[in-house]
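Below you'll find the structure, written out as structure tokens, and then a few comments.
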Amino acid sequence: MRSLEQYLGRQRAYRLLVLAVLGLGIFVRVWHFPSVPPGLNQDEAASAYEAYSLAETGCDKWGNPWPAYFPAWGSGQNVLLAYLTIPLVKVCGLSILSARLAALGMGLLTLPLFYCCLRPLGRRAALLGLLLLALAPWHFMLSRWGLESNLLPFWMLLGCACVGQAIYSQQRRWIIPSLLPFALALYAYGTTVVVLPTLLGVVLLGCFGRIKAQWWAWGLALGLFVLVAAPFLLFFAENYVLGRNLAWTDKLFFSTPVTLINRLDYKGLGSMAAIWVHNADFVVRSFDDDTNHNKMLDYPLLLRGTWGLTVVGVGVGLYRLRGLQQQWYTGQPAALVGLLVGAWGLACLPLFFLFELNVNRINHLFLPCLALAAWGGAVGSKWLPAGRPRQVFWGLLLSWFVGVGGNSVRAYFYNYPRSGIRKQFNEGLGPAFEAVRRLQGATQVRITSQIPLNYVYTLFYLQYPPARFRQEAKVEVVEGAYQVNKFDRYVFDDRYLLPGVPYAYLARRGEVQPSRQQHKVLSYSDELWEVGMMYGPAAAQ
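Every position in the sequence shown, counted from 1, becomes a number in the working numbering once 332 is added.
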């Protein structure tokens, strides 16, 4: 690094390093997009179809106009991803590409935003933080597929950046809109309703003097936040407090559907002791929730060594608190960044005691941990003598993370697409449904029950008109979930097959077997799926 600085100059060498790391992060997120991960997750298909339904009809697939929260399959689904996907569906059509573009965009924007947020902590802290984020499997994996909660880190980070700039600048043009990203984060993932009060409370306590000096501007900011968050807050009150719709909400331009089942009940909270045991085990296993869409086998969510630096960063933050009395922040940008990062991390702690966690439900935690790790690495290097020892330390530190990060990236593109994610994301369903579309003369088509939300995949891949679906669907409620048994010629429950009538089918390869009474004729087959006709008396397979 020293020879590079001598040749180019310190400032230019640093800028080139930042651009190189940023370019690396972009490459990891766009290479082979959207074909990796292969296939499509059922939540992606559901959210994208909701966007398609809203674009076509102004209602979700069940007929609710512009909902603040989708009833979805019964327990509900966050709406922000679908709303951001509407223009993408208009331009690109309903496809895997349009289903994932919004998540990719938010993931890419997070990289420079994170760097800018860390810059007050010093050049090296910002560079290290950008590198940790660019190559962290947690973040480049979530940037590449369209789960609603994957948008959350960007909007929370943007909220912290805007609030930080507003407090530092004391300018009304920053203060008044500063809370809007937090309002949008409520629509990205519902756990924000737990995190946000603590985060804002700590910031208010730590910066009370500067907030009080512009109290009326912050009052406007709060009013604007409440206005934008009102649909979600109304939905939350009706579902989690009242348990019913208020009569006057029918006159609003948006809807606040009451879901079939409380989402917390749906997650099966169990006893408080069980929650603690589960979450303690989750932490001990380095946040491994046994899902291959959230992590790769043998590769931790954050690069090896990150958590050690995070502990150092926490220690640095606690050390900086010593001697503080009534006011924590008096105008130093680095202190403000430390306060915001610490407040965000502290606000995540209640999540560990409220419900059983997985990677998605703890998405709030990882960015503040990466920021603390970058801060810890920067401050820790100052314990070494200036000059060559610090340069060697930084060279080794950056080389380590480039090495382990590069290994993770290689595994993601070469091993991961051949792993169990293929079956979990139902790779190859698109061509199979195209074969179904081409079927001639089939009055009923049996869709396998071996894929979750099989009716959602059918709606997505066939781009079935939402208005027709609402008219034709045969639906019943089973254990707090919508069970779609049939619409048009597509059958999802064998009870709805007409006896004695030949039927077409889409199934996993080898799932449908002929018998003495029935024989099958294949029209499409690959290594995972087959489409064909069954002739003879209809019977459950």
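Idealized CB from N, CA, C, for every residue including glycine. All figures in this text were calculated on a predicted structure; none of them were measured in a lab.
| Check | Outcome |
| --- | --- |
| Burial state of M866 (16 or more Cβ within 10 Å) | buried |
| Simplified DSSP state of L838, which is helix, strand or coil | strand |
| Assigned secondary structure, F586 (DSSP; H/G/I helix, E/B strand, else coil) | coil |
| Alpha-carbon spacing of R455 relative to G640, whole angstroms | 21 angstroms |
| P831 burial status per 10 Å Cβ neighbour count (16 or more: buried) | exposed |
| Nearest-angstrom Cβ-Cβ length linking L483 and A435, presumed shorter than 8 angstroms | 6 angstroms |
| Extent of the continuous beta strand (DSSP E) run through G864 | W861 to Y867 |
| Backbone secondary structure at H851 - three-state DSSP | strand |
| C-alpha distance - L531 paired with D375, whole-angstrom precision | 29 angstroms |
| Residues near R802 by beta carbon distance below 6 angstroms, same chain, minus five either side | G395 |
| Within the stretch 761 to 793, ranges of the alpha helix (DSSP H) (whole runs, at least 4 residues) | 761 to 769 |
| D582 classed as buried or exposed, judged by whether at least 16 other C-beta atoms fall within 10 angstroms | exposed |
| Residues that DSSP places opposite P399 in a beta bridge | S587 |
| First and last residue of the uninterrupted alpha helix (DSSP H) at Q723 | R720 to Y746 |
| Spatial neighbours of L386 in its chain, beta-carbon cut-off 8 angstroms, leaving aside the 5 residues before and after | D392, W398, A414, Y415 and I418 |
| Within 9 angstroms, strictly: CB atoms of R467 and F725 | For the record, residue 467 in the displayed sequence is Leu; it is not Arg. Cβ distance not < 9 angstroms, so L467 and F725 don't count as in contact. |
| Cut-off 7 angstroms between Cβ atoms - residues of its own chain near R361, not counting five sequence neighbours on either side | L436, G439, L440, F472, S475 and R476 |
| Backbone CA spacing between R821 and T775 [nearest angstrom] | 6 angstroms |
| Beta-ladder partner(s) of V809, from DSSP | Y814 |
| Residue ranges of each alpha helix (DSSP H) within the stretch 663 to 717, 4 or longer | 665 to 679, 683 to 686 and 695 to 713 |
| Sequence-distant residues of the same chain with beta carbon closer than 7 angstroms to I507, five excluded per side | A498, Q546, A549, W550 and A553 |
| Residues bridged to S857 [DSSP beta-bridge criterion] | E862 |
| Helix, strand or coil at Y796 [DSSP, three-state] | coil |
| Buried versus exposed, by CB contacts within 10 Å (16 or more), L412 | buried |
| Under the three-state DSSP convention, the category Q409 falls into | strand |
| Contact under 9 angstroms by Cβ, P369 with P632 | no |
| Reduced DSSP secondary structure (H/G/I, E/B, other) of Y521 | coil |
| Residues that Y631 bridges to, as DSSP identifies them | M628 |
| Within 9 angstroms, strictly: CB atoms of G708 and G762 | no |
| 8 angstroms CB neighbourhood of Y835 in its chain, flanking five on each side removed | A774, T775, Q776, V777, R778, V823, L829, M865, M866 and A870 |
| Residue from A675, L537 and R432 with nearest C-alpha to E480 | R432 |
| Rounded straight-line distance, which links the Cα of L794 to that of N758 | 16 angstroms |
| Three-pair Cβ contact test at 8 angstroms for the stretch 712 to 724 versus the stretch 798 to 817 | no |
| Residue closest to C539, alpha-carbon to alpha-carbon, out of R505, L512, V495 and F402 | V495 |
| Residue closest to G533, alpha-carbon to alpha-carbon, out of S407, G355, W676 and Y401 | W676 |
| First and last residue of the uninterrupted alpha helix (DSSP H) at T638 | T638 to R652 |
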